[in-house]
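Worksheet: the structure to be examined is printed underneath.
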Amino acid sequence: MAGRAPRLRLAALALCCVACAGVRLAWAEVAVTPQSVQLLNERGDMVVEGVVIDDPRRTADGQRITLQASRAQVQGRWQASEGLVLATLPTYPEWHYGDRLRLYGVLSTPRDAERAGQFDYRQYLARKHIFSIMKPQSVQGLAGGAGGPWRFLLDLRDHARHVLLRELPEPQASLAVGILLGLQSTIPDDVSADFSATGTSHILVISGWNISIIAAALYNLAAALKLSKRRAFWPILAAIWLYTLFVGATPTVIRAAVMGTIVVVGQRLERPAHAWTTLFAACWAMTLWDPQTLWDLGFQLSALATASLFAFGKGTEALLMLTPLRVGWLGWAREALTATLAAQVLALPLILYQFGT
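What the sequence shown shows, in our numbering, is residues 797 to 1153, in sequence order.
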């Protein structure tokens, strides 16, 4: 019967996908064990040791690090510990991915929303598997930290950030850091507010445009060097993912990198890329790796904006061709405005809901 009923087959496939998604989401849940660091919340002064497992988020008044706890000292006794701690530290000294630290302070439980509709900080961190926060009284660096290729790339990015901030005047320096390196912490508040008010904040975020520029530039370089697509395939693929790691591998950048990878693989196999298939494949791969990505606002806006470009790009351009922008020498402005307007069609409701503007 199912073989003769396409709708029934589609419904069965949808139910199967939902069931598999539920299993994957349940598998991703963090189990509470006797060593879970969250059991030490609200238990007074203690010492927590661990390794910084993510790129620290630097702000104007400090830095936030995610620490993978390894042990804790409670009432003078050391005990094994596991789990993540979000620590807010002073601006200096700057800590980096792979550093091993000893924090002195009180572990706390993140606050939840005071009323319905408010931002729920506890739930936000729980999706990142973080259930403990700390604002340490003091921090001590320890020997034996982790390194690896990503540490080298992040250190290189920090060096590039310092060079840009030193060589360029403000606010151009901070804008260059945001556009090229994906770091917005040094952008002045008034400049950031202007970008937000004009709906152009996406310029400051690493996205598919950056990946497209890299891929196009490398393909042009390969053509100039008379390299075949087969020989250029691996260097271009490596460059895309090195840049992704270089700028911090946020969900938005990973989505763009996965889509770019699919396009490059399609060109290598001499098969045309289908825009919607590429987008859905990228989103599927990311949520398969980490189901909590579905609730990441950056991922949501990025996916919606990309889908909106695919759905409304041609229609928006057709409408602009009815305006004075149809003049040939204004093609650059028409193209930019087409992308800006088309991308906001599907993203606008989410922007209004989250930011109210």
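In this text, a Cβ means the ideal position worked out from N, Cα and C, and glycines have one as well.
I think Pro967 touches Val987, with their Cβ atoms under 8 Å apart; what is that distance to the nearest whole Å? Indeed they touch by this definition, with Cβ atoms about 5 Å apart.
Grouping DSSP H, G and I as helix and E and B as strand, with all else coil, what is Ile1058? Three-state result, Ile1058: helix.
I'd like the ranges of any alpha helix (DSSP H) spanning at least 4 consecutive residues and lying wholly in the region 873-950. Qualifying alpha helix (DSSP H) stretches, in chain order: 917-922.
Over the uninterrupted alpha helix (DSSP H) stretch that includes Glu1131, give me the two end residues. 1127-1151 is the extent of the alpha helix (DSSP H) around Glu1131.
Which same chain residues end up closer than 6 Å to Ser981 when comparing Cβ atoms and leaving out the 5 residues on each side of it in sequence? Excluding positions up to five away in sequence, the list reads Arg854, Thr855.
Answer yes or no: do Glu878 and Val833 have a C-beta to C-beta separation smaller than 8 Å? Closer than 8 Å, so yes.
Between which two residues does the beta strand (DSSP E) harbouring Ala1078 extend? Per DSSP, Ala1078 is not a residue of any beta strand (DSSP E); the alpha helix (DSSP H) it occupies stretches across 1071-1085.
Which value, in whole angstroms, describes the spacing of the CA atoms of Thr1134 and Leu1115? Roughly 9 Å between the two C-alpha positions.
Alpha carbon of Arg803 to alpha carbon of Cys816, nearest angstrom: Answer to the nearest angstrom: the Cα atoms are 20 Å apart.
Per-residue DSSP class, three states only, for Arg867: Strand, per DSSP.
Distance, Val1043 Cα to Leu952 Cα: Rounded to the nearest whole angstrom, the C-alpha separation of Leu952 and Val1043 is 10 Å.
Return helix, strand or coil for Val847, following the three-state DSSP convention. Here Val847 sits in strand by DSSP.
Cα-Cα, which of Arg1064, Gln1096, Trp1125 is closest to Ala1139? Of the listed residues, the one whose Cα sits closest to Ala1139 is Gln1096.
Taking the Cβ atom as the reference point for each residue, do Gln869 and Val843 lie within a distance shorter than 8 Å? With contacts defined by Cβ atoms closer than 8 Å, Gln869 and Val843 form a contacting pair.
Is Thr1102 helix, strand or coil by DSSP? Looking at Thr1102 - three-state DSSP - the assignment turns out to be helix.
Contacts around Asp850, its chain only, beta-carbon distance under 6 Å, and the 5 residues preceding and following it disregarded: Cβ neighbours of Asp850 beyond the five flanking positions: Thr862.
Taking Arg947 as the reference, which of Thr1136, Val848, Asp916 has the closest Cα? Comparing Cα positions, the closest option is Val848.
Among Ala1143, Thr887, Val1141, which residue has its Cα nearest to the Cα of Gly858? Among Ala1143, Thr887, Val1141, the Cα nearest to that of Gly858 is on Thr887.
With 16 as the cutoff for other CB atoms within 10 Å, does Gly974 come out buried or exposed? Buried.
Assuming Pro1180 contacts Ala865 under a Cβ cut-off of 8 Å, what Cβ separation, rounded to an integer in Å, is found between them? Nothing can be reported for residue 1180, as the shown portion of the chain is limited to 797 through 1153.
Can you look up Asp986 in the DSSP assignment and give me helix, strand or coil? Residue state for Asp986 is assigned as helix, using DSSP reduced to three classes.
Specify, as a first and last residue, the run of the alpha helix (DSSP H) that Arg854 falls within. Per DSSP, Arg854 is not a residue of any alpha helix (DSSP H); the beta strand (DSSP E) it occupies stretches across 853-855.
Close Cβ partners of Tyr893 (< 6 Å) along its chain, the five nearest in sequence each way excluded: Answer for Tyr893: Val848, Asp851, Arg947, Leu950, listed in chain order.
Measuring CB to CB, does Met1082 end up less than 8 Å from Arg1051? Taking a C-beta distance under 8 Å as the contact criterion, Met1082 and Arg1051 qualify as a contact pair.
Would you say the region 1052-1061 touches the region 1071-1081, given that touching needs at least three Cβ pairs under 8 Å? Touching, yes, given that three or more Cβ pairs across the two stretches are closer than 8 Å.
What number of angstroms, rounded off, separates the C-alpha of Arg867 from the C-alpha of Gln831? Going by the C-alpha atoms only, they are around 9 Å apart.
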